[in-house]
Amino acid sequence: MNHSERKEAGKLYRTDDPVLRQAQQQTLALMDAYNQLPCTEWGARKALLKKMFASFGEESYVEGQIHANWGGRFCHIGHSVYINFNLTMVDDGPIVIEDCVQIGPNVTLISGSHPVDPGLRNRLWQYTEPVRIGKNSWIGAGVIILPGVEIGENSVIGAGSVVTRSIPADSVAAGNPCRVMRKITKQDRFCYGRGSRIDQELEELLYRQLQQGE
19 MNHSERKEAG KLYRTDDPVL RQAQQQTLAL MDAYNQLPCT EWGARKALLK
69 KMFASFGEES YVEGQIHANW GGRFCHIGHS VYINFNLTMV DDGPIVIEDC
119 VQIGPNVTLI SGSHPVDPGL RNRLWQYTEP VRIGKNSWIG AGVIILPGVE
169 IGENSVIGAG SVVTRSIPAD SVAAGNPCRV MRKITKQDRF CYGRGSRIDQ
219 ELEELLYRQL QQGE
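The opening position of the sequence shown corresponds to residue 19 in the numbering used here, with each subsequent residue numbered one higher.
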C-alpha cells in the first residue's frame, strides 16, 4: 500500500509523503484565498468552500476564517449548518457534520493523531480516526472533539468540553472529559436558559405542534 492508501485505511502513514504533500498544498492554497476574503463577500466565500470541502450543503454558513490541516478536503458539511467564528480542524481524516448542526465559536475538531512512541512520531508517522456530528446537534463554544468520536443526533455539548468518547443521541453532555449529564425530553421544548419558561403564546403554539406530531 502507498501512503495515500494507508491513510484512507486508517493505518499509520508518513505525513512527508510527496503525493500527500502536493494534494494538501492545493487545498491549503484555497483556504488561504478563502481566509483573505471579506466576510461581506459570502457568494465568493461559499464558492471556495464548495471547492475546499468534500461536500458543503445548501443553506450552510461559516463565520470568519477557517484553520485546517487540509483546508476541509476530507470534511462533509450537511445542509443548514451554522459554524461560528474560528473553527479549527485537524482534518487529516474524515469529519462529517450532518444537517442542521450548530457549532459555536473557537471549536476544534480533530480526526488526525500520532503514535505514543516518540520514534514513530519523529519519523512523521501518524494515523486518522473519523469524527461525526449527528444532525440537529449543538456544539458549544470552545469545545474540543478528539479523534474517533461520534456525537449522536440532537445532542448538546456544553461550552469548553473536551469530548474523548462518543456521546449518544438526545443527550446533554459537558465537562473534561465530557460526560452525559441528562437526556433531552419534550419538556425541554418549553424551557430555555437556566430554567426560564417560554411565554404563553409560544407555549400554546408548541403544544399544538406536538399534538400534530411536528
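The C-beta atom is built at its ideal place from N, Cα and C for all residues, glycine as well.
Give the DSSP bridge partners of residue i, in chain order.
i: HIS85; result: THR106
i: HIS21; result: According to DSSP, which records beta bridges pairwise, HIS21 is partnered with nothing at all.
i: HIS94; result: SER73 and VAL114
i: TYR31; result: GLN144
i: GLN120; result: TYR100 and TRP156
i: SER214; result: TYR210
i: TYR79; result: TYR100
i: VAL149; result: ILE113
Measuring alpha carbon to alpha carbon, tell me which residue in the options is nearest residue i.
i: PRO186; options: LYS153, LYS204, GLN218 and ARG215; result: LYS153
i: ALA47; options: LEU223, LYS64 and MET70; result: MET70
i: TYR167; options: ALA159, PRO195, TRP143 and ASP206; result: Residue 167 is actually Val in this sequence, not Tyr. VAL167 has its Cα closest to that of PRO195, out of ALA159, PRO195, TRP143 and ASP206.
i: ASN140; options: THR203, ASP34 and HIS85; result: ASP34
i: VAL161; options: ARG215, SER189, LEU105 and PHE208; result: LEU105
i: ASN124; options: SER98, ASN20, GLY211 and ALA177; result: ALA177
i: GLY122; options: VAL99, GLY75, PRO112 and ILE113; result: VAL99
i: SER78; options: ARG91, GLU147 and GLY96; result: GLY96
i: ILE163; options: LEU138, GLY130, VAL181 and SER155; result: VAL181
i: VAL80; options: GLU222, ASP50, PHE92 and GLN120; result: GLN120
i: LEU67; options: HIS94, ALA41, GLN42 and GLN43; result: HIS94
i: TYR52; options: LYS64, LEU223 and PRO136; result: LYS64
i: GLY193; options: LEU223, ALA159 and ASN172; result: ALA159
i: PHE208; options: LEU228, ILE151 and TYR145; result: LEU228
Would residue i be called buried (16 or more neighbouring beta carbons within 10 Å of its own) or exposed?
i: GLU116; result: buried
i: GLY170; result: buried
i: SER73; result: exposed
i: TRP143; result: buried
i: TRP88; result: buried
i: ALA62; result: exposed
i: ASP110; result: buried
i: HIS13; result: Residue 13 falls outside the range modelled here, since the chain spans only 19 to 232, and no answer is possible.
i: THR58; result: exposed
i: TRP8; result: Nothing can be reported for residue 8, as the shown portion of the chain is limited to 19 through 232.
i: PHE92; result: buried
i: PRO136; result: exposed
How is residue i classed by DSSP in three states: helix, strand or coil?
i: LEU142; result: coil
i: THR126; result: strand
i: VAL37; result: helix
So that I know if they touch, is there some Cβ in chain D lying closer than 8 Å to that of residue i?
i: LYS153; result: The structure shown contains no chain D; it holds only a single protein chain.
Checklist line | beta strand (DSSP E) runs contained entirely in the region 155-209, provided each spans 3 or more residues | finding: 189-192 and 197-201
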